[in-house]
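Take a look at the structure below.
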Amino acid sequence: MDSIIVTCAVTGSSTNYRSNPAVPITPEQIADSAVESARAGAAMVHIHVREASGAPSGDVALYAEVVDRIAQSGVDVIVNLTTGYGARFVPSSDNFRSADPSCNFAPPSDRTRHITELRPEVCSLDIATFNFGDDAFVNTPAIVREMSASIVEADVLPEIEVFEVGHLRLARHLIETGVLRPPGHFQFCLGIDWAMPATAAAVGFLRDLLPPNATWSAFGIGRHQFPMVATAAAMGGHVRVGLEDNIYLSQGDLAPSNAALVERAVRIIGDVGRRPATPNEARELLGLAPR
Numbered sequence: 053m054d055s056i057i058v059t060c061a062v063t064g065s066s067t068n069y070r071s072n073p074a075v076p077i078t079p080e081q082i083a084d085s086a087v088e089s090a091r092a093g094a095a096m097v098h099i100h101v102r103e104a105s106g107a108p109s110g111d112v113a114l115y116a117e118v119v120d121r122i123a124q125s126g127v128d129v130i131v132n133l134t135t136g137y138g139a140r141f142v143p144s145s146d147n148f149r150s151a152d153p154s155c156n157f158a159p160p161s162d163r164t165r166h167i168t169e170l171r172p173e174v175c176s177l178d179i180a181t182f183n184f185g186d187d188a189f190v191n192t193p194a195i196v197r198e199m200s201a202s203i204v205e206a207d208v209l210p211e212i213e214v215f216e217v218g219h220l221r222l223a224r225h226l227i228e229t230g231v232l233r234p235p236g237h238f239q240f241c242l243g244i245d246w247a248m249p250a251t252a253a254a255v256g257f258l259r260d261l262l263p264p265n266a267t268w269s270a271f272g273i274g275r276h277q278f279p280m281v282a283t284a285a286a287m288g289g290h291v292r293v294g295l296e297d298n299i300y301l302s303q304g305d306l307a308p309s310n311a312a313l314v315e316r317a318v319r320i321i322g323d324v325g326r327r328p329a330t331p332n333e334a335r336e337l338l339g340l341a342p343r
């Protein structure tokens with residue numbers, strides 16, 4: 053059976069922990085949940101951090117604590133840190149040329165500081181500018197080039213986040229012009245308002261536009277999470293689950309943990325004749341050094 057990388061997106065920046073208390077908030081909770089997910093079959097964990105209030109954060113010290121706690125656990129797992137914090141832009145109602153105080157829009161150097169300091173094996177790289185709910189998620193080509201340069205210099209593998217087909221086209225251009233290294237690892241982010249739908253047709257369309265030899269994964273949010281696990285696994289991709297994207301194990305049944313979501317994903321990929329990759333198998337698939 054072909055091995056498949058299972059990624060667990062542990063907490064995200066906006067999942068409502070008041071709707072599901074299993075959503076981890078503190079560095080200790082996030083690290084513990086990541087370790088439990090790895091033991092359940094996740095080869096990679098995707099990490100955001102939050103303030104004690106539950107609000108999203110870009111604090112390097114919080115990332116460092118999570119990374120250290122995972123390392124101290126002795127569990128082998130690929131750590132994938134987000135660089136998405138700092139992309140949300142909301143124009144001020146008084147001056148549309150200025151940012152509203154509620155947004156977290158930040159310069160590229162701030163968004164990659166924890167990457168250059170902590171040097172995880174993988175980090176996310178948003179190619180995306182699009183309407184994200186009622187806000188704008190802004191990553192201009194100039195911003196993406198500057199972030200890419202920092203990530204490449206730190207020798208970290210960027211996981212290229214694709215929300216729309218134009219994002220994939222831009223990523224291909226960055227690879228072809230030497231900004232990013234080939235062949236690229238891509239994450240299809242599906243079912244998010246107002247971007248690509250979580251359908252098999254969308255997965256196939258994006259997959260067929262990938263650069264040669266690229267690896268790819270896909271996830272759907274909310275009720276689309278597990279159908280997209282089955283779809284991506286059947287179509288030759290890798291998969292992502294986690295409380296960042298979905299707080300339910302089944303309709304009306306809150307997920308008790310990230311590990312429970314991983315365990316269900318492992319069962320689904322087994323049903324389509326594949327198995328979860330070990331962390332070192334995942335490293336080989338992604339072109340990372342073994343550990």
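If you're matching positions, the sequence shown starts at 53 in the working numbering and goes up one per residue. We put the CB at the ideal spot given by N, CA and C, even for glycine.
Terminal residues of the continuous alpha helix (DSSP H) containing residue i?
i    : result
P172 : Neither: P172 is in no alpha helix (DSSP H) and is coded neither H nor E.
Y115 : V112 to S125
R292 : Here R292 belongs to no alpha helix (DSSP H); instead the beta strand (DSSP E) covers H290 to V293.
N332 : P331 to L338
D54  : Careful: D54 lies outside any alpha helix (DSSP H), inside the beta strand (DSSP E) at D54 to I56.
P302 : The question names Pro, yet the displayed sequence has Ser at residue 302. From DSSP, S302 is part of no alpha helix (DSSP H) but of the beta strand (DSSP E) over Y300 to S302.
M280 : Q277 to A286
R163 : P160 to R163
I321 : N310 to D323
My guess is that residue i and residue j are in contact by the Cβ rule of under 8 Å, so how many angstroms apart are they, rounded?
i    : j    : result
A95  : I122 : In fact, because the Cβ distance is near 13 Å, the residues do not count as touching under 8 Å.
A180 : E216 : 7 Å
A250 : F182 : About 16 Å separates the two Cβ atoms, so there is no contact after all.
R316 : F278 : 7 Å
E173 : V118 : No, E173 and V118 are not in contact; Cβ-Cβ is about 14 Å, not under 8 Å.
V293 : A92  : That pair is no contact at about 10 Å.
P108 : S65  : 3 Å
G272 : G230 : Actually they do not touch by this definition, with Cβ atoms about 33 Å apart.
T135 : E296 : Incorrect: roughly 15 Å between the Cβ atoms, too far for contact.
Give me, in chain order, the residues of the same chain whose beta-carbon lies closer than 8 Å to that of residue i; leave out the 5 immediate sequence neighbours on both sides.
i    : result
Y115 : I99, V101, L133, H166 and L170
F141 : A151, C155, F157, D187, A188, F189 and V190
A285 : I56, V291, I320, I321, V324 and R326
V77  : Just to set this straight, residue 77 is Ile in the shown sequence, not Val. Correct list, in chain order: T63, Y69, R102, A104 and G106.
Near residue i, what residues of its chain come up, given a Cβ to Cβ distance below 6 Å and the 5 sequence neighbours on each side ignored?
i    : result
G274 : N298
L226 : L232
D120 : none
Considering just the uninterrupted stretch of the beta strand (DSSP E) at residue i, what are its terminal residues?
i    : result
L133 : I130 to L133
T267 : T267 to G272
L261 : Premise fails: L261 is in no beta strand (DSSP E) and is neither H nor E.
A188 : D187 to F189
I195 : No beta strand (DSSP E) holds I195; the alpha helix (DSSP H) holding it covers P193 to E205.
Closest by CA to residue i, which one among the options?
i    : options                   : result
S125 : Q303, E80 and P264        : E80
N332 : A104, A61 and D128        : D128
T267 : A307, A317 and P210       : P210
D54  : A311, M287 and S309       : M287
A223 : D245, L261 and F257       : L261
S202 : P234, D178, T164 and F238 : T164
D162 : V112, E103, A253 and S65  : V112
I212 : R343, N68 and F238        : F238
M199 : S176, P73 and P143        : S176
V318 : F240, S89 and P193        : S89
P143 : T135, A252 and P153       : P153
A282 : A307, A252 and S302       : A252
I82  : A311, L340 and Y137       : A311
Give me, in chain order, the residues of the same chain whose beta-carbon lies closer than 7 Å to that of residue i; leave out the 5 immediate sequence neighbours on both sides.
i    : result
I57  : A95, M96, S269, H290, A329, A334 and L337
I195 : P160
P235 : P263, P264, N265 and A266
Only counting runs of 4 or more residues, tell me where the alpha helix (DSSP H) segments fall wholly within the segment 208-232, in order along the chain. 217-228
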